[in-house]
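**Q** Sequences listed follow chains A and B, in order.
Note that the numbering used here has the first sequence beginning at -9, numbered continuously upward.
Note that the numbering used here has the second sequence beginning at -9, numbered continuously upward.
We put the beta carbon where it would ideally sit given N, CA and C, even for glycine.
Number of protein chains: 2
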Amino acid sequence: MADAAAQAPLTLLKIGGEVLDQPELLDAALRAFAALPGPKVLVHGGGKAGTRMAARLGVETELVDGRRITSPEMLEVAVMVYGGLMNKQVVAKLQALGVDAAGFTGADLDLVRAQRRPPGRIDYGLAGDVQAVRAGVLARLLREGVTPVLAPLTHDGQGQLLNTNADTIASEAACALAGAFAVRLVFSFEKAGVLLDVADPQSLIRRLDRAAFETLAAGGQIAGGMLPKLQNAFAALGRGVQAVYICRADAVAQLGSPAFEGTEIRNGAPPA
Amino acid sequence: MADAAAQAPLTLLKIGGEVLDQPELLDAALRAFAALPGPKVLVHGGGKAGTRMAARLGVETELVDGRRITSPEMLEVAVMVYGGLMNKQVVAKLQALGVDAAGFTGADLDLVRAQRRPPGRIDYGLAGDVQAVRAGVLARLLREGVTPVLAPLTHDGQGQLLNTNADTIASEAACALAGAFAVRLVFSFEKAGVLLDVADPQSLIRRLDRAAFETLAAGGQIAGGMLPKLQNAFAALGRGVQAVYICRADAVAQLGSPAFEGTEIRNGAPPA
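(1) Is it true that the stretch 30 to 42 of chain A meets the stretch -2 to 6 of chain A, where meeting means three or more beta-carbon pairs spaced less than 8 Å apart?
(2) Listing by chain order, which chain B residues have their CB less than 7 Å from the CB of T95/A?
(3) I'd like the list of long-range same chain contacts for C237/B, defined as Cβ closer than 6 Å, with 5 residues on each side in sequence excluded.
(4) Quick one: measure Cβ to Cβ for A97/B and V81/B, integer angstroms, because I've assumed they're closer than 8 Å.
(5) Is the Cβ of V176/B closer than 8 Å to any Cβ of chain A?
(6) Along the stretch 99 to 118 of chain A, where does the CB come closer than 8 Å to a CB of chain B? Name the residues.
(7) Could you give the distance in angstroms between the alpha-carbon of A259/A and the alpha-carbon of V31/A?
(8) Chain B partners of V123/A, CB-CB under 9 Å?
(9) Below 8 Å CB to CB, which residues in the same chain sit around A207/A once its five sequence neighbours on both sides are set aside?
(10) May I ask which residues mark the beginning and end of the beta strand (DSSP E) holding S178/A?
(11) Do you know offhand how far Q79/A's Cα is from G115/A's?
(12) Check the DSSP bridge columns for G118/A and list the partner residues they point to.
(13) Any beta-carbon of chain A closer than 8 Å to the one on A172/B?
(14) Could you tell me which residues DSSP puts in a beta bridge with P138/B?
(15) 8 Å is my cut-off, CB to CB: does M64/A come that close to chain B?
(16) D190/A CB to nearest chain B CB: under 8 Å?
(17) Under 8 Å between C-beta atoms, does D(-7)/A make it to chain B?
(18) Secondary structure at E50/B, three-state DSSP: helix, strand or coil?
(19) In terms of alpha-carbon separation, which member of R174/B, G209/B, A104/B, M43/B lies closest to V231/B?
(20) With a threshold of 8 Å between beta carbons, is A295/B in contact with chain A?
(21) Would you say G73/B faces chain A, with C-beta separation under 8 Å as the test?
(22) Does the beta carbon of A39/B come closer than 8 Å to any beta carbon on chain A?
(23) What residue range is occupied by the uninterrupted beta strand (DSSP E) comprising A233/B?
(24) Starting from R83/B, find everything on chain A with Cβ-Cβ shorter than 8 Å and list it in chain order.
(25) According to DSSP, is L185/B helix, strand or coil?
(26) My understanding is that R21/B touches L128/B, with C-beta atoms under 8 Å, so please give their C-beta distance in whole angstroms.
(27) To the nearest angstrom, how far is it from the Cα of R130/B to the Cα of Q192/A?
(28) Could you please tell me which residues of the stretch 40 to 53 of chain B, in chain order, have their CB closer than 9 Å to any CB of chain A?
(29) If the cut is a Cβ gap below 9 Å, which residues of chain C does H145/B touch?
(30) Give the residues of chain A in contact with M70/B, contact being defined as C-beta atoms less than 7 Å apart.
(31) Quick check on the burial criterion: 16 or more other C-beta atoms within 10 angstroms. Buried or exposed for A(-5)/B?
(32) Buried or exposed for E52/A, going by 16 or more other Cβ atoms inside 10 Å?
(33) According to the neighbour-count rule (16 or more other Cβ atoms, all chains shown, within 10 Å of its Cβ), is T144/A buried or exposed?
(34) Please list, in chain order, the chain B residues whose beta carbon lies closer than 7 Å to that of V33/A.
(35) Can you list the residues of chain B that V136/A reaches, using a CB-CB cut of under 7 Å?
(36) Touch check for the stretch 101 to 117 of chain A and the stretch 53 to 64 of chain A: three-plus C-beta pairs under 8 Å?
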């Protein structure tokens, strides 16, 4: 870790939410990402393009408890849209911005190997739970000046591609790289960060530690999709990631400066 | 070239034609490819999956002089199907066979930069003519034990993906790598090789040099799609590639052995 601290920090940026459906915000996010110093990794989610493509192809989206079930037909759509169209468009744009980007799924270079989620109460279909990230290969690419762009897809090592949540890929990759780099993990989307009132950008929480999070969660002030995201964030901090940020995608341009608008998450004292 | 000769030859295999539509032949081809010693590169064409997907999405395939015009909608289909589905399925299968494969378009790592074909008598739309292959980056990956899997897509360096013929990508990559490796270039498909009578596998031409080719072409015995493929082959031989093979995809298993079934193409004396 002494070595890691001596280098420029590595930024792992996850772009999700509606950013991928808003061309101007996506372009602003990619420009901000391109301008970041130091090694970096981009992870993108799917946005609504996958759902739209599934509808055009007559592939039904099945949801159980708000979670998408990945049928073989839906996996094909995900591989086409996330692993193909979205990933390659982002790579081509980053190349135009002078970033030596390379797009990967978890199958490429065996970067992210997963296990098909065992069917229990719910059979999630072709959904993969991350087992291993090949951090050494990612680190080699980064040292060579390459910027990996990861699609939310993994494989089982036996020829089967699997659908995996982009937040999970982002935090697993961040934790795996924490042994070789000082890592900051950024979850970006279309909102300003963690808000006490989702309708009011002025209610942005600028700093959050574990104790404050526990208090807010217990009081019901943080709920919904933000809960697993923050649990994810604290888990990453517990596994060596130096700081986690949640912000609007274009706020990445101010990352590390006092002008940064967003939520910075660091481990405070552990909860009593 | 002395250095190149000292190493195991590099095999650049292009899989095309109907192989991608025939799962058993594709699997046999990938197994044969996986078993090849030495550094290797796979280039895949599109097969009919792109045409089928375009039909499902109501995207019209426009042909002029037998050549596909790449509309923006058709490019999206190509990026989804060739750059996404097909590329990642091949990568996942190769990984399962123990090959450290990584799938790329020409945009990834700026591997194959192209220029949009200038509209003349025909406007080919978003079709790219290859300008530069980053052979140094490919060679570095190969030395690291990586097997690149190239989709038939390029980019213009300004953020635009382009559609490029897979045969062209294969021969351009082979020629670019000929400075660092002894390269054999294999065009594989569902037929036995160059046939004097396309309906008769027994009419396979086992060896072809330029003089014989000129004679057969002048006599009309080689025609149709095989003509540009062979012109391509001789052009590659003139640019440093050591040998070109045209064969059935599963015959790759016998490449370099006396049992090999296919057409071996080498430069003979130049035509008078």
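**A** Reading from the atomic positions:
(1) yes
(2) K78
(3) S178, G183, G252
(4) With a Cβ gap of about 16 Å, A97/B and V81/B do not count as contacting.
(5) no
(6) L99, D100
(7) Low confidence applies here, because A259/A scores a pLDDT of 49, under 50, leaving its location unreliable; read the following figure in that light. Rounded to the nearest angstrom, the two C-alpha atoms are 29 Å apart.
(8) Result: empty, since nearest Cβ-Cβ is about 15 Å, beyond 9 Å.
(9) A213, L217, L220
(10) 173 to 179
(11) 28 Å
(12) R106/A
(13) no
(14) A92/B
(15) no
(16) no
(17) The pLDDT assigned to D(-7)/A is 49, lower than 50, so where the model puts this residue is not dependable, and the model offers no usable value.
(18) coil
(19) R174/B
(20) The structure shown does not extend to residue 295/B, since chain B is modelled only from -9 to 262, so the question has no answer here.
(21) yes
(22) no
(23) 233 to 238
(24) The sequence as given places Lys at residue 83/B; Arg does not occur at that position. What K83/B touches in chain A: G149.
(25) strand
(26) About 23 Å separates the two Cβ atoms, so there is no contact after all.
(27) 50 Å
(28) M43, R46, L47, G48
(29) The structure shown contains no chain C; its protein chains are A and B.
(30) M70, V71, G74, L75
(31) Low confidence applies here, because A(-5)/B scores a pLDDT of 44, under 50, leaving its location unreliable; read the following figure in that light. Its Cβ having fewer than 16 others within 10 Å, A(-5)/B is exposed.
(32) exposed
(33) buried
(34) By Cβ distance, chain B contributes nothing, its closest Cβ being about 16 Å from V33/A, past 7 Å.
(35) L99
(36) yes
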